[in-house]
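Asks:
Residue numbers (the UniProt record's numbering): 1 to 384.
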(Lines of atoms letter the chains of each structure in order from A and count residues from 1; the text may use other names and numbers.)
(Lines give C-alpha, C1' and ligand atoms only; values in the text may rest on other atoms or scores of the structure.)
Protein backbone atom coordinates (compact mmCIF):
# COMPACT_ATOMS: atom_id res chain seq x y z
CA UNK A 1 0.00 0.00 0.00
CA UNK A 2 1.28 3.44 -0.85
CA UNK A 3 1.29 6.05 1.93
CA UNK A 4 0.83 8.92 -0.55
CA UNK A 5 -2.45 10.71 0.10
CA UNK A 6 -1.84 13.46 -2.45
CA UNK A 7 -4.46 12.34 -4.95
CA UNK A 8 -7.09 11.57 -2.29
CA UNK A 9 -6.56 14.98 -0.70
CA UNK A 10 -6.80 16.70 -4.06
CA UNK A 11 -10.19 15.07 -4.69
CA UNK A 12 -11.33 15.79 -1.13
CA UNK A 13 -10.36 19.44 -1.51
CA UNK A 14 -12.52 19.70 -4.63
CA UNK A 15 -15.50 18.06 -2.89
CA UNK A 16 -15.23 20.29 0.19
CA UNK A 17 -15.25 23.33 -2.08
CA UNK A 18 -18.84 22.61 -3.12
CA UNK A 19 -21.18 23.92 -0.36
CA UNK A 20 -23.70 21.11 -0.78
CA UNK A 21 -25.85 21.85 2.27
CA UNK A 22 -29.10 19.91 1.91
CA UNK A 23 -31.16 23.01 1.10
CA UNK A 24 -28.85 23.84 -1.82
CA UNK A 25 -28.08 22.17 -5.13
CA UNK A 26 -25.35 19.56 -5.49
CA UNK A 27 -25.34 19.71 -9.30
CA UNK A 28 -21.91 21.32 -9.59
CA UNK A 29 -20.38 18.61 -7.39
CA UNK A 30 -21.98 15.84 -9.45
CA UNK A 31 -20.76 17.47 -12.67
CA UNK A 32 -17.25 17.45 -11.22
CA UNK A 33 -17.55 13.73 -10.45
CA UNK A 34 -18.91 13.05 -13.95
CA UNK A 35 -15.95 14.83 -15.57
CA UNK A 36 -13.57 12.95 -13.29
CA UNK A 37 -15.07 9.58 -14.20
CA UNK A 38 -14.98 10.47 -17.90
CA UNK A 39 -11.18 10.64 -17.64
CA UNK A 40 -11.16 6.91 -16.91
CA UNK A 41 -14.00 5.89 -19.27
CA UNK A 42 -16.16 4.83 -16.33
CA UNK A 43 -19.80 4.08 -17.05
CA UNK A 44 -22.23 6.05 -14.88
CA UNK A 45 -25.89 6.99 -14.61
CA UNK A 46 -27.29 10.16 -13.05
CA UNK A 47 -30.79 10.66 -11.65
CA UNK A 48 -32.53 13.83 -10.44
CA UNK A 49 -34.76 14.64 -7.50
CA UNK A 50 -38.31 15.82 -8.15
CA UNK A 51 -37.19 19.44 -8.49
CA UNK A 52 -34.24 18.63 -10.80
CA UNK A 53 -32.02 20.76 -8.53
CA UNK A 54 -30.30 17.72 -7.01
CA UNK A 55 -28.57 14.83 -8.75
CA UNK A 56 -27.51 11.37 -7.65
CA UNK A 57 -24.91 9.29 -9.44
CA UNK A 58 -24.16 5.58 -9.80
CA UNK A 59 -21.02 4.34 -11.50
CA UNK A 60 -19.68 0.89 -12.23
CA UNK A 61 -16.12 -0.30 -12.75
CA UNK A 62 -15.42 -3.87 -13.79
CA UNK A 63 -17.40 -6.59 -15.54
CA UNK A 64 -21.14 -6.19 -16.04
CA UNK A 65 -22.03 -9.14 -13.82
CA UNK A 66 -23.85 -9.66 -10.55
CA UNK A 67 -22.13 -10.17 -7.20
CA UNK A 68 -20.15 -6.95 -6.89
CA UNK A 69 -19.80 -4.42 -4.09
CA UNK A 70 -21.47 -1.04 -3.75
CA UNK A 71 -19.59 1.79 -2.07
CA UNK A 72 -22.32 4.12 -0.86
CA UNK A 73 -21.97 7.76 0.15
CA UNK A 74 -24.09 10.89 0.32
CA UNK A 75 -23.07 14.20 -1.22
CA UNK A 76 -25.01 16.58 1.02
CA UNK A 77 -23.75 18.08 4.27
CA UNK A 78 -25.32 19.81 7.27
CA UNK A 79 -25.38 23.62 7.61
CA UNK A 80 -22.66 25.76 9.17
CA UNK A 81 -25.11 28.47 10.34
CA UNK A 82 -24.46 29.57 13.92
CA UNK A 83 -21.15 27.70 14.15
CA UNK A 84 -17.79 29.35 14.79
CA UNK A 85 -15.02 27.81 12.70
CA UNK A 86 -11.27 28.33 13.03
CA UNK A 87 -10.91 28.24 9.24
CA UNK A 88 -13.14 28.52 6.17
CA UNK A 89 -15.41 25.42 6.26
CA UNK A 90 -15.50 25.33 2.44
CA UNK A 91 -11.70 25.18 2.06
CA UNK A 92 -9.85 22.01 3.04
CA UNK A 93 -7.37 23.11 5.69
CA UNK A 94 -4.61 20.98 7.25
CA UNK A 95 -3.48 21.48 10.85
CA UNK A 96 -1.35 18.96 12.75
CA UNK A 97 -2.33 15.94 10.69
CA UNK A 98 -6.02 16.81 10.62
CA UNK A 99 -7.95 18.02 7.61
CA UNK A 100 -10.74 20.47 8.42
CA UNK A 101 -13.82 21.37 6.40
CA UNK A 102 -17.56 20.77 6.33
CA UNK A 103 -18.13 17.19 5.25
CA UNK A 104 -14.58 15.95 5.71
CA UNK A 105 -15.74 13.02 7.82
CA UNK A 106 -19.49 13.08 7.06
CA UNK A 107 -18.95 11.93 4.45
CA UNK A 108 -16.93 13.43 1.66
CA UNK A 109 -13.80 11.78 3.02
CA UNK A 110 -15.14 8.36 2.06
CA UNK A 111 -16.42 9.63 -1.30
CA UNK A 112 -13.00 11.14 -2.04
CA UNK A 113 -11.22 7.88 -1.19
CA UNK A 114 -13.55 5.92 -3.46
CA UNK A 115 -13.04 8.36 -6.33
CA UNK A 116 -9.28 8.50 -5.80
CA UNK A 117 -9.19 4.71 -6.10
CA UNK A 118 -11.00 4.75 -9.47
CA UNK A 119 -7.77 4.61 -11.55
CA UNK A 120 -6.71 1.49 -9.64
CA UNK A 121 -10.22 0.03 -9.84
CA UNK A 122 -10.22 0.61 -13.62
CA UNK A 123 -6.83 -1.00 -14.22
CA UNK A 124 -7.40 -4.06 -12.00
CA UNK A 125 -8.57 -7.42 -13.42
CA UNK A 126 -11.81 -7.34 -11.43
CA UNK A 127 -13.89 -10.51 -11.52
CA UNK A 128 -16.82 -8.68 -9.91
CA UNK A 129 -17.68 -5.00 -10.28
CA UNK A 130 -17.34 -2.09 -7.91
CA UNK A 131 -20.33 0.23 -7.98
CA UNK A 132 -20.21 3.78 -6.61
CA UNK A 133 -23.56 5.04 -5.34
CA UNK A 134 -23.69 8.74 -4.42
CA UNK A 135 -27.00 10.13 -3.16
CA UNK A 136 -28.50 13.48 -2.17
CA UNK A 137 -30.59 14.61 0.81
CA UNK A 138 -29.37 11.95 3.22
CA UNK A 139 -29.09 14.53 5.99
CA UNK A 140 -32.77 15.42 5.75
CA UNK A 141 -34.26 11.94 5.98
CA UNK A 142 -32.45 9.79 3.39
CA UNK A 143 -34.74 11.23 0.73
CA UNK A 144 -32.39 10.37 -2.11
CA UNK A 145 -32.11 6.68 -1.30
CA UNK A 146 -35.36 5.52 -2.93
CA UNK A 147 -34.53 6.95 -6.38
CA UNK A 148 -30.99 5.63 -6.01
CA UNK A 149 -32.25 2.09 -5.37
CA UNK A 150 -34.59 2.36 -8.36
CA UNK A 151 -31.73 3.48 -10.58
CA UNK A 152 -29.54 0.62 -9.36
CA UNK A 153 -32.23 -1.94 -10.11
CA UNK A 154 -32.95 -0.46 -13.52
CA UNK A 155 -29.46 0.16 -14.87
CA UNK A 156 -26.97 -2.10 -13.11
CA UNK A 157 -26.52 -5.78 -12.20
CA UNK A 158 -27.39 -6.78 -8.64
CA UNK A 159 -24.52 -6.31 -6.21
CA UNK A 160 -23.93 -8.81 -3.43
CA UNK A 161 -22.67 -6.41 -0.76
CA UNK A 162 -23.05 -2.77 0.24
CA UNK A 163 -20.57 -0.79 2.31
CA UNK A 164 -22.01 2.51 3.50
CA UNK A 165 -19.02 4.72 4.28
CA UNK A 166 -20.40 6.77 7.17
CA UNK A 167 -17.74 7.64 9.77
CA UNK A 168 -17.08 4.64 12.02
CA UNK A 169 -13.31 5.08 12.52
CA UNK A 170 -13.03 2.16 10.08
CA UNK A 171 -14.75 -0.21 12.51
CA UNK A 172 -17.37 -2.54 11.08
CA UNK A 173 -20.87 -1.49 12.19
CA UNK A 174 -23.44 -4.22 11.67
CA UNK A 175 -26.59 -2.64 13.12
CA UNK A 176 -28.23 0.71 13.69
CA UNK A 177 -31.52 2.00 15.02
CA UNK A 178 -34.45 2.91 12.82
CA UNK A 179 -35.68 6.47 12.69
CA UNK A 180 -38.99 8.28 12.47
CA UNK A 181 -39.67 11.97 12.07
CA UNK A 182 -43.24 13.06 12.85
CA UNK A 183 -45.01 16.40 12.61
CA UNK A 184 -48.23 16.80 14.62
CA UNK A 185 -50.49 19.76 13.78
CA UNK A 186 -53.43 20.53 16.06
CA UNK A 187 -56.07 22.90 14.68
CA UNK A 188 -58.38 24.30 17.36
CA UNK A 189 -60.42 27.49 17.57
CA UNK A 190 -59.23 30.94 18.58
CA UNK A 191 -61.06 33.02 21.17
CA UNK A 192 -60.40 35.78 23.70
CA UNK A 193 -58.61 34.40 26.74
CA UNK A 194 -61.41 35.73 28.94
CA UNK A 195 -63.83 33.36 27.17
CA UNK A 196 -61.95 30.10 26.71
CA UNK A 197 -65.32 28.34 26.61
CA UNK A 198 -65.80 29.82 23.13
CA UNK A 199 -62.59 28.32 21.76
CA UNK A 200 -60.58 25.12 21.62
CA UNK A 201 -56.97 25.43 22.72
CA UNK A 202 -54.61 23.62 20.39
CA UNK A 203 -51.81 23.91 22.94
CA UNK A 204 -53.85 22.45 25.81
CA UNK A 205 -54.89 19.49 23.69
CA UNK A 206 -51.30 18.99 22.59
CA UNK A 207 -50.32 18.31 26.19
CA UNK A 208 -51.33 14.59 26.36
CA UNK A 209 -49.60 13.99 23.03
CA UNK A 210 -46.39 15.60 24.25
CA UNK A 211 -46.62 13.73 27.54
CA UNK A 212 -46.91 10.47 25.57
CA UNK A 213 -43.35 11.01 24.37
CA UNK A 214 -41.96 11.27 27.89
CA UNK A 215 -43.99 8.30 29.13
CA UNK A 216 -43.04 6.19 26.13
CA UNK A 217 -39.37 7.07 26.60
CA UNK A 218 -39.49 5.96 30.23
CA UNK A 219 -41.25 2.73 29.28
CA UNK A 220 -38.58 1.97 26.69
CA UNK A 221 -35.80 2.74 29.16
CA UNK A 222 -37.10 0.57 31.96
CA UNK A 223 -38.04 -2.37 29.76
CA UNK A 224 -34.79 -2.55 27.79
CA UNK A 225 -32.36 -5.44 27.90
CA UNK A 226 -28.63 -5.40 27.34
CA UNK A 227 -27.58 -4.66 23.77
CA UNK A 228 -24.75 -3.18 21.78
CA UNK A 229 -26.48 0.20 21.48
CA UNK A 230 -25.85 3.38 23.46
CA UNK A 231 -28.33 3.94 24.98
CA UNK A 232 -29.61 0.35 24.90
CA UNK A 233 -33.26 1.27 24.25
CA UNK A 234 -35.44 3.21 21.84
CA UNK A 235 -35.50 6.97 22.28
CA UNK A 236 -38.33 9.42 21.64
CA UNK A 237 -38.54 13.17 22.12
CA UNK A 238 -40.31 16.33 21.00
CA UNK A 239 -37.68 18.46 19.31
CA UNK A 240 -39.59 21.61 18.33
CA UNK A 241 -42.91 23.19 19.24
CA UNK A 242 -44.75 26.28 17.97
CA UNK A 243 -48.15 27.62 18.87
CA UNK A 244 -50.24 30.60 19.80
CA UNK A 245 -50.20 34.23 18.66
CA UNK A 246 -50.66 36.26 21.84
CA UNK A 247 -50.88 36.00 25.62
CA UNK A 248 -54.58 36.84 25.64
CA UNK A 249 -55.72 34.59 22.79
CA UNK A 250 -56.80 30.96 22.94
CA UNK A 251 -54.37 29.32 20.49
CA UNK A 252 -55.94 27.79 17.41
CA UNK A 253 -52.73 26.11 16.20
CA UNK A 254 -49.97 24.04 17.76
CA UNK A 255 -47.30 22.26 15.74
CA UNK A 256 -44.53 20.06 17.11
CA UNK A 257 -41.93 17.68 15.71
CA UNK A 258 -41.03 14.28 17.13
CA UNK A 259 -37.85 12.25 16.76
CA UNK A 260 -38.08 8.50 17.38
CA UNK A 261 -35.08 6.17 17.14
CA UNK A 262 -36.21 2.62 17.60
CA UNK A 263 -34.38 -0.64 18.17
CA UNK A 264 -33.92 -3.01 15.21
CA UNK A 265 -36.32 -5.62 16.63
CA UNK A 266 -39.10 -3.01 16.45
CA UNK A 267 -40.81 -1.51 13.41
CA UNK A 268 -41.95 1.96 12.44
CA UNK A 269 -45.58 0.82 12.60
CA UNK A 270 -45.11 -0.31 16.22
CA UNK A 271 -44.61 3.35 17.09
CA UNK A 272 -46.80 5.15 14.56
CA UNK A 273 -49.86 2.96 15.13
CA UNK A 274 -49.74 3.48 18.90
CA UNK A 275 -49.30 7.23 18.57
CA UNK A 276 -51.95 7.54 15.87
CA UNK A 277 -54.51 5.88 18.15
CA UNK A 278 -53.81 8.48 20.84
CA UNK A 279 -54.04 11.28 18.26
CA UNK A 280 -57.50 9.99 17.32
CA UNK A 281 -58.75 10.08 20.90
CA UNK A 282 -57.38 13.60 21.46
CA UNK A 283 -59.01 14.76 18.23
CA UNK A 284 -62.36 13.38 19.45
CA UNK A 285 -61.94 15.39 22.67
CA UNK A 286 -61.17 18.56 20.71
CA UNK A 287 -64.31 18.15 18.64
CA UNK A 288 -66.48 18.28 21.75
CA UNK A 289 -65.33 21.91 21.96
CA UNK A 290 -65.22 22.71 18.24
CA UNK A 291 -66.79 20.67 15.44
CA UNK A 292 -64.09 21.76 12.98
CA UNK A 293 -61.13 20.87 15.20
CA UNK A 294 -58.70 18.39 13.72
CA UNK A 295 -55.23 16.91 14.10
CA UNK A 296 -52.91 16.19 11.20
CA UNK A 297 -50.10 13.67 11.59
CA UNK A 298 -47.31 13.67 8.99
CA UNK A 299 -44.47 11.16 8.79
CA UNK A 300 -41.55 13.20 7.46
CA UNK A 301 -38.82 10.60 7.95
CA UNK A 302 -39.02 6.82 7.89
CA UNK A 303 -35.58 5.21 7.97
CA UNK A 304 -35.46 1.44 8.48
CA UNK A 305 -33.19 -0.02 11.11
CA UNK A 306 -30.22 -2.08 9.98
CA UNK A 307 -30.18 -5.54 11.53
CA UNK A 308 -26.95 -7.43 12.19
CA UNK A 309 -26.36 -10.22 9.67
CA UNK A 310 -24.10 -12.73 11.44
CA UNK A 311 -21.81 -14.23 8.79
CA UNK A 312 -23.57 -12.15 6.13
CA UNK A 313 -21.63 -11.45 2.93
CA UNK A 314 -21.09 -7.75 3.69
CA UNK A 315 -19.93 -8.40 7.24
CA UNK A 316 -17.53 -11.13 6.12
CA UNK A 317 -16.09 -8.87 3.42
CA UNK A 318 -15.74 -5.80 5.66
CA UNK A 319 -14.05 -7.78 8.41
CA UNK A 320 -11.68 -9.26 5.85
CA UNK A 321 -10.78 -5.78 4.59
CA UNK A 322 -10.38 -4.13 8.00
CA UNK A 323 -9.34 -6.93 10.32
CA UNK A 324 -12.02 -5.71 12.74
CA UNK A 325 -13.87 -8.55 14.47
CA UNK A 326 -15.58 -6.47 17.15
CA UNK A 327 -19.36 -6.11 17.44
CA UNK A 328 -20.52 -2.55 16.85
CA UNK A 329 -24.00 -1.04 16.68
CA UNK A 330 -24.84 2.66 16.53
CA UNK A 331 -27.85 4.77 17.48
CA UNK A 332 -27.79 7.09 14.46
CA UNK A 333 -29.42 6.20 11.15
CA UNK A 334 -27.88 5.79 7.70
CA UNK A 335 -28.89 4.75 4.22
CA UNK A 336 -27.79 1.22 5.16
CA UNK A 337 -31.25 0.41 6.52
CA UNK A 338 -32.79 1.18 3.13
CA UNK A 339 -30.22 -0.95 1.29
CA UNK A 340 -30.80 -3.87 3.62
CA UNK A 341 -34.58 -3.54 3.31
CA UNK A 342 -34.12 -3.70 -0.47
CA UNK A 343 -32.36 -7.06 -0.17
CA UNK A 344 -28.67 -6.12 -0.06
CA UNK A 345 -26.25 -7.52 2.49
CA UNK A 346 -25.05 -4.32 4.15
CA UNK A 347 -22.65 -2.88 6.71
CA UNK A 348 -21.49 0.60 7.68
CA UNK A 349 -17.76 1.24 7.62
CA UNK A 350 -15.90 4.43 6.83
CA UNK A 351 -13.13 6.80 7.89
CA UNK A 352 -13.51 9.51 10.50
CA UNK A 353 -15.36 9.68 13.79
CA UNK A 354 -19.04 10.46 14.22
CA UNK A 355 -17.95 12.67 17.14
CA UNK A 356 -16.53 15.15 14.62
CA UNK A 357 -19.63 15.15 12.38
CA UNK A 358 -22.02 18.14 12.21
CA UNK A 359 -20.06 20.38 14.57
CA UNK A 360 -17.73 23.33 13.96
CA UNK A 361 -14.18 22.50 12.88
CA UNK A 362 -15.26 19.11 11.52
CA UNK A 363 -12.15 17.14 10.54
CA UNK A 364 -10.76 13.83 9.40
CA UNK A 365 -7.28 12.67 10.37
CA UNK A 366 -4.54 11.66 7.99
CA UNK A 367 -4.39 8.30 9.74
CA UNK A 368 -8.07 7.65 9.06
CA UNK A 369 -7.61 8.56 5.41
CA UNK A 370 -4.68 6.15 5.17
CA UNK A 371 -6.77 3.37 6.69
CA UNK A 372 -9.54 4.13 4.20
CA UNK A 373 -7.07 4.09 1.34
CA UNK A 374 -5.78 0.68 2.44
CA UNK A 375 -9.40 -0.51 2.61
CA UNK A 376 -9.94 0.44 -1.04
CA UNK A 377 -6.79 -1.35 -2.15
CA UNK A 378 -7.74 -4.52 -0.27
CA UNK A 379 -11.18 -4.36 -1.86
CA UNK A 380 -9.56 -4.55 -5.26
CA UNK A 381 -7.71 -7.71 -4.25
CA UNK A 382 -10.90 -9.25 -2.86
CA UNK A 383 -12.84 -8.67 -6.09
CA UNK A 384 -10.10 -9.79 -8.52
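For glycine and all other residues, C-beta sits at the position ideal for the given N, C-alpha and C.
The model shown is predicted, which means the values in this text are computed figures rather than measured ones.
Tell me which same chain residues have a C-beta within less than 6 Å of the C-beta of residue 185, skipping the five on either side of it?
Replies: Looking up residue 185 in the chain shown gives position 185. Counting only Cβ-Cβ distances below 6 Å, and skipping sequence neighbours, we find 255, 296.
Asks: At the level of alpha carbons, what is the spacing between residue 136 and residue 90?
Replies: Start at 1 with the first residue of the chain shown, and residue 136 comes out as number 136. Start at 1 with the first residue of the chain shown, and residue 90 comes out as number 90. About 18 Å.
Asks: Apply the 10 Å Cβ neighbour rule to residue 248 and answer buried if 16 or more other Cβ atoms are within range, or exposed otherwise.
Replies: Numbered from its first residue, the chain shown carries residue 248 at position 248. By the neighbour-count rule (16 or more Cβ atoms within 10 Å), residue 248 is not buried but exposed.
Asks: Residue ranges of each alpha helix (DSSP H) run of no fewer than 4 residues wholly in the stretch 19–86, ordered along the chain?
Replies: Within the stretch 19–86, the complete alpha helix (DSSP H) runs of at least 4 residues are 27–38.
Asks: Got a sec? Which residues, its chain only, sit under 6 Å from residue 329 by beta carbon, not counting five neighbours each side?
Replies: Counted from its first residue, the chain shown places residue 329 at position 329. The residues are 175, 228, 229.
Asks: My output table needs one value for residue 194: the three-state DSSP class, helix, strand or coil.
Replies: In the chain shown, the residue the question calls residue 194 occupies position 194. Residue 194: coil per DSSP, three-state reduction.
Asks: Going by beta carbon distance, what residues of the same chain come within less than 7 Å of residue 294, once the five residues before and after it are set aside?
Replies: In the chain shown, counting from the first residue as 1, residue 294 sits at position 294. Answer for residue 294: 187, 283, listed in chain order.
Asks: Determine the direct distance from the alpha carbon of residue 377 to that of residue 363, and round the result to whole angstroms.
Replies: Stepping through the chain shown from its first residue, residue 363 is reached at position 363. Stepping through the chain shown from its first residue, residue 377 is reached at position 377. When rounded, the distance between both Cα atoms is 23 Å.
Asks: Are there three or more Cβ pairs, one per stretch, closer than 8 Å when the stretch 235–246 is compared with the stretch 186–206?
Replies: Taking 8 Å as the limit for Cβ pairs, the verdict is that the stretch 186–206 does touch the stretch 235–246.
Asks: Do the CB positions of residue 349 and residue 165 come within less than 8 Å of each other?
Replies: Numbered from 1 along the chain shown, position 349 holds the residue referred to as residue 349. Numbered from 1 along the chain shown, position 165 holds the residue referred to as residue 165. Yes, these two residues count as a Cβ contact at 8 Å.
Asks: How should residue 82 be labelled, buried or exposed, when 16 other C-beta atoms within 10 angstroms of its C-beta is the threshold for buried?
Replies: For the purposes of this step, residue 82 is identified with residue 82 of the chain shown, where counting begins at 1. Residue 82 comes out exposed.
Asks: Could you tell me which residues DSSP pairs with residue 94 in its beta bridges?
Replies: As a working mapping, residue 94 is identified with position 94 in the chain shown. Answer by DSSP bridge pairing, in chain order: 99.
Asks: In terms of residues, what are the limits of the beta strand (DSSP E) holding residue 261?
Replies: Translated into the one-based positions of the chain shown, residue 261 becomes position 261. Element bounds for residue 261: 253–262.
Asks: Straight-line CA distance for residue 415 to residue 163?
Replies: What the structure shows of the chain is the stretch from 1 to 384, and residue 415 is not part of that stretch, so it cannot be assessed.
Asks: So, helix, strand or coil for residue 286, using DSSP?
Replies: Counting from one through the chain shown, the residue named residue 286 turns up at place 286. In the structure shown, residue 286 sits in a helix (DSSP, three-state: H, G or I).
Asks: Let me check understanding here. Comparing Cα to Cα, which of 79, 39, 67, 22 lies closest to residue 361?
Replies: Here the question's residue 361 lines up with position 361 in the chain shown. That would be 79, whose Cα lies nearest to the Cα of residue 361.
Asks: Are the Cβ atoms of residue 24 and residue 178 separated by less than 8 Å?
Replies: What you label residue 24 is simply residue 24 of the chain shown in a count that begins at 1. What you label residue 178 is simply residue 178 of the chain shown in a count that begins at 1. Against a cut-off of 8 Å, the Cβ pair of residue 178 and residue 24 comes out as no contact.
Asks: For residue 26, count the other beta carbons within 10 Å of its own beta carbon; 16 or more makes it buried, fewer makes it exposed. Which is it?
Replies: Position 26 of the chain shown, counting from 1, holds the residue named residue 26. It counts as buried.
Asks: Check whether the Cβ atoms of residue 158 and residue 58 lie closer than 8 Å to each other.
Replies: Against the chain shown, residue 158 aligns to sequence position 158. Against the chain shown, residue 58 aligns to sequence position 58. No, Cβ-Cβ distance for residue 158 and residue 58 is not below 8 Å.
Asks: Output needed for residue 341: all residues of its chain with C-beta closer than 6 Å, excluding positions within five of it in sequence on either side, in chain order.
Replies: Residue 341 sits at position 341 when you count from the first residue of the chain shown. Closer than 6 Å at Cβ, skipping near neighbours: 304.
Asks: Name the one or two DSSP bridge partners that residue 130 has.
Replies: The residue given as residue 130 occupies position 130 in the chain shown. Answer is 61, 69, bridged to residue 130.
Asks: Out of curiosity, what's the CA-to-CA distance linking residue 264 and residue 72?
Replies: Along the chain shown, one-based indexing puts residue 264 at 264. Along the chain shown, one-based indexing puts residue 72 at 72. The straight-line gap from Cα to Cα measures roughly 21 Å.
Asks: Three-state secondary structure (DSSP) at residue 270?
Replies: The residue given as residue 270 occupies position 270 in the chain shown. Helix, per DSSP.
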